[in-house]
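K.L.:
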Amino acid sequence: MSKSSASPAAPRRVSDAAATNERIRALVDAADGTWPAEAYEVLLLEWAAAVSPRRRRRLKRVDSAA
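The opening position of the sequence shown corresponds to residue 2 in this note's numbering, with each subsequent residue numbered one higher.
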């Protein structure tokens with residue numbers, strides 16, 4: 002019998018990444034001549050955390066330090 006290599010958190014990471022990706026698209030679509038750099042950077046960090054468990058832990062440390 003083979004075990005699945007995907008962790009139980011993998012589906013959640015995929016859905017978190019997809020949801021954040023949609024938020025990034027909405028932000029870009031709503032930009033009307035001015036680039037929302039800070040909001041975009043925050044969303045990119047959220048997306049990176051969703052696709053990388055290591056980045057998720059790092060993001061939690063940054064949030065708790067703020």
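Note that beta-carbon positions come from the ideal geometry of N, C-alpha and C, so glycine has one too.
Taking the alpha-carbon positions, what's the Ala49 to Ala19 distance?
P.N.:
Rounded to whole angstroms, Ala49 to Ala19 spans 11 Å at the Cα level.
K.L.:
Tell me whether the beta-carbon of Ala40 lies closer than 7 Å to the beta-carbon of Leu28.
P.N.:
Yes.
K.L.:
Which same chain residues, not among the five before or five after Lys4, have their C-beta less than 6 Å away from its C-beta?
P.N.:
Low local confidence applies: a pLDDT of 48 at Lys4 is under 50, so the model's placement there is unreliable, and no value is given.
K.L.:
Give me the Cα-Cα distance between Leu46 and Ala31, rounded to the nearest whole angstrom.
P.N.:
One C-alpha to the other measures close to 19 Å.
K.L.:
Could you give the residue range of the alpha helix (DSSP H) that holds Ala49?
P.N.:
Element bounds for Ala49: Ala38 to Val52.
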